[in-house]
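Working notes for the structure below.
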Ligand code: SF4
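Numbering (my numbering), first residue to last: 8 to 117.
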């Protein structure tokens, strides 16, 4: 089972507990369709705008077993208020540069 570390938007922590992210991960649905059920080994926020802290948080999750990093849909789709992260591509690209190509990046959850 793929081990996944999830990064969420700190700005939406007080309006969403992340239930659906855990549900689709457990059921292998939505972003995990084709991968199957995954094990969530970490669920952290980006650390606040502009998302620089996400880089070391992603690295820490990989050091603790994550084989993939998922940017949760509050970041990339703007759930639940239709307001995607304006810093997403910079944050994602910095994470990729730090982790290298062997860590899979998943860009949404549901
Ligand atoms: S950087 Fe993006 S994901 Fe992080 S708190 Fe700001 S808007 Fe949310």
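By construction, the Cβ of each residue, glycine as well, lies at the ideal position given by its N, Cα and C atoms.
Looking only at its own chain, which residues have a Cβ that is under 8 angstroms from the Cβ of residue 75, when we skip the five neighbours before and after it? Closer than 8 angstroms at Cβ, skipping near neighbours: 9, 10, 11, 12, 45, 110, 111, 112 and 113.
Taking residue 59 as part of the alpha helix (DSSP H), name the residues at either end of that continuous run. Residue 59: not part of any alpha helix (DSSP H); DSSP gives it neither H nor E.
Measuring only the C-alpha atoms, how far is residue 94 from residue 51? One C-alpha to the other measures close to 17 angstroms.
So for residue 102, helix, strand or coil by DSSP? Helix at residue 102.
Less than 7 angstroms between the CB of residue 88 and some heavy atom of the ligand SF4, yes or no? Shortest gap from the CB of residue 88 to any heavy atom of the ligand SF4: 7 angstroms or more.
As a quick exercise: from 116, 115, 105 and 117, pick the residue whose alpha carbon is nearest that of residue 60. It is 105.
Given that a residue counts as buried once 16 or more other Cβ atoms are within 10 Å of its Cβ, and exposed if not, what is residue 21? Residue 21 sits exposed, since fewer than 16 C-beta atoms from the chains shown fall within 10 Å of its C-beta.
Judging by CA-CA distance, which residue of 40, 47, 43 and 79 is the nearest neighbour of residue 17? It is 79.
CB of residue 47 within 8 angstroms of CB of residue 116, strictly: Cβ atoms of residue 47 and residue 116: not closer than 8 angstroms.
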